[in-house]
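First the structure, in the form of structure tokens, and then the observations on it.
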Ligand code: UD1
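In full-length UniProt numbering, the protein residues as written are 1 to 355.
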């Protein structure tokens, strides 16, 4: 029986881990989970394990925050021994965080097989820490599981076609399952937020490029505060900390800062929103899958299908952000670029075949 060791550490990775853990269990695979501790606040970590039925990690490294070098290096030092003890047939890494890169480096240096889930995404923006992480991981890994055909084309362009399998997007699996669950349960979050009939926009901003320069953060906050309906900002600790340091108030005008939400609550809040404004990769795609118009506060996106199909616009300046929010609702599309919600089963099959 194969042994898969998943290494995760940050919020979006827990979401992707949920359907994988379920599919591994269904296939009778020996699946172990290592949590690096990159995210440690209960709202960014524990609630995902409990809400999405993910087994508790077998190993928790408790690394925490730091500069990129400190954080990645601390994980790397711990992972050497942990992975050696676990003797995996493959180390499964997710997405593009520092946890992804650390696990990949530790594994390849120990001649372990590495599988990269969500391989081939590219923003072509070399200032993004995630871009470094995903490019380095793709070139080091043995099996590249691409979520889309566009991602597979990027891998082919980089000479990696021989290691690539298109499996679809596992986030679609967990999103559809959660959407169906919250629709069955009914009741939205609006009463809790005390909002009127004009509805609301849902916002998340956490990328370093948008948060770490006070002038840039102020420009975004100014735009959101001027929106034509309340904007609920689910404030990641990074944006909350940077705003505090810069003396920027995240609750003013139309803008209201709230704590991040657990996954089912996020899906519920997204379903009820007039629009979403975000710099998160995952939320752009979730907006598309739920058919909620999205405005992405970035100059490029890895999920180009959301833009090509008309449900996502890229916005940089304040006026562009406001124009994005108030644009007419896009025409409905039936395209399914992110798969059918059954990607996790294909991930497990592809790994077993490759091993
Ligand atoms: C990380 C990922 C990013 C992903 C995001 C999802 C990298 C390079 N970035 O960014 O790709 O989209 O997770 O949320 O890996 N903090 C807390 N509590 C926590 C975790 C972080 O307060 O539980 C604060 C700390 O001040 C920390 C800052 O947030 O310094 C940034 O955390 P970090 O893990 O370095 O990066 P994210 O911005 O979360």
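For glycine and all other residues, C-beta sits at the position ideal for the given N, C-alpha and C.
Bear in mind that the values here come from a model prediction, so they are computed numbers and not experimental data.
Quiz item: Cβ atoms of residue 12 and residue 173: under 8 Å apart, would you say?
Solution: no
Exercise. Figure out for me which residue from 93, 81, 59, 151 has the closest Cα to the Cα of residue 110.
Key: 81
Quiz item: Less than 8 Å separating the beta-carbons of residue 165 and residue 117?
Solution: No, Cβ-Cβ distance for residue 165 and residue 117 is not below 8 Å.
Quiz item: Does DSSP put residue 6 in a helix, in a strand, or in coil?
Solution: strand
Quiz item: Which of the three DSSP states, helix, strand or coil, is assigned to residue 203?
Solution: Here DSSP, grouped into helix, strand and coil, assigns residue 203 to strand.
Self-check item: Close Cβ partners of residue 104 (< 8 Å) along its chain, the five nearest in sequence each way excluded
Solution: Same-chain partners within the cutoff: 91, 93, 114, 116, 136, 137, 140, 141.
Quiz prompt | Boundaries of the alpha helix (DSSP H) in which residue 68 is found, first to last residue | solution = 68-86
Quiz prompt | Where the beta strand (DSSP E) through residue 275 begins and ends | solution = Per DSSP, residue 275 belongs to the beta strand (DSSP E) from 275-278.
Quiz item: How many whole angstroms separate the CB atoms of residue 235 and residue 252, which I take to be in contact at a CB cut-off of 8 Å?
Solution: Actually they do not touch by this definition, with Cβ atoms about 13 Å apart.
Self-check item: the segment 39-55 in contact with the segment 68-87 per 3-pair CB rule at 8 Å
Solution: no
Exercise. Could you name each continuous alpha helix (DSSP H) segment of 4 residues or more that falls completely within the segment 144-203, going from the start of the chain to the end?
Key: As far as the segment 144-203 is concerned, its whole alpha helix (DSSP H) runs of at least 4 residues are 149-157, 170-185, 190-193.
Quiz item: Just to check, is the beta-carbon of residue 215 closer than 7 Å to a non-hydrogen atom of the ligand UD1?
Solution: no
Exercise. Starting from residue 240, trace the alpha helix (DSSP H) both ways and give me its first and last residue.
Key: 237-246
Practice problem: May I ask you to report which of helix, strand or coil DSSP gives residue 39? | Solution: coil
Self-check item: Which of helix, strand or coil DSSP assigns to residue 139
Solution: helix
Quiz item: In the structure shown, what three-state DSSP assignment does residue 30 receive?
Solution: strand
Quiz item: Is there contact here, the segment 199-207 with the segment 224-240, by at least three beta-carbon pairs under 8 Å?
Solution: yes
Quiz prompt | Cα-Cα separation between residue 41 and residue 50, rounded to whole angstroms | solution = 14 Å
Practice problem: Return helix, strand or coil for residue 312, following the three-state DSSP convention. | Solution: strand
Quiz item: Hey, residue 161 and residue 120 are a contact pair by Cβ (cut 8 Å); roughly how many whole angstroms apart?
Solution: Not really, about 10 Å apart at Cβ, beyond 8 Å.
Self-check item: Sub-8 Å separation of residue 344 and residue 23 beta-carbons
Solution: yes
Quiz item: Where residue 306 and residue 338 are concerned, what is the direct C-alpha to C-alpha distance, given to the nearest angstrom?
Solution: Those two C-alpha atoms are separated by around 10 Å.
Practice problem: For residue 257, write down the residues that DSSP places opposite it in a beta bridge. | Solution: Under DSSP, residue 257 shares a beta bridge with 233.
Practice problem: Identify which residue in 245, 179, 225, 193 has its Cα closest to the Cα of residue 211. | Solution: Selected option, being the one with the closest Cα: 245.
Quiz prompt | Bounding residues of the beta strand (DSSP E) (the contiguous stretch that carries residue 94) | solution = 90-94
Quiz item: Along the chain, which unbroken stretches of the beta strand (DSSP E) at least 3 residues long are found entirely within the segment 281-343?
Solution: 294-296, 312-314
Self-check item: Proximity winner among 319, 72, 25, 123, relative to residue 10 (alpha-carbon distances)
Solution: In this structure, 72 is the residue among 319, 72, 25, 123 with its C-alpha nearest to the C-alpha of residue 10.
Quiz prompt | residue 295 vs residue 324 beta-carbon contact at 8 Å | solution = yes
Quiz item: How big is the Cα-Cα spacing for residue 126 and residue 219?
Solution: 23 Å
Self-check item: residue 61 versus residue 156: straight-line alpha-carbon distance, rounded
Solution: 35 Å
Quiz item: Do you know offhand how far residue 238's Cα is from residue 129's?
Solution: 15 Å
Exercise. Please name the residue or residues paired with residue 115 in a DSSP beta bridge.
Key: 92, 143
Practice problem: Compute the beta-carbon to beta-carbon distance between residue 223 and residue 322, rounded to the nearest angstrom, for a pair I have assumed lies under 8 Å. | Solution: Their Cβ separation, rounded to whole angstroms, is 6 Å, which keeps residue 223 and residue 322 in contact under 8 Å.
Exercise. Rounded to whole angstroms, what's the CA-CA distance from residue 221 to residue 250? Just pull it up for me.
Key: 7 Å
Quiz item: What's the C-alpha gap between residue 149 and residue 194?
Solution: 43 Å
Exercise. Report the three-state DSSP secondary structure of residue 122 (helix, strand or coil).
Key: coil
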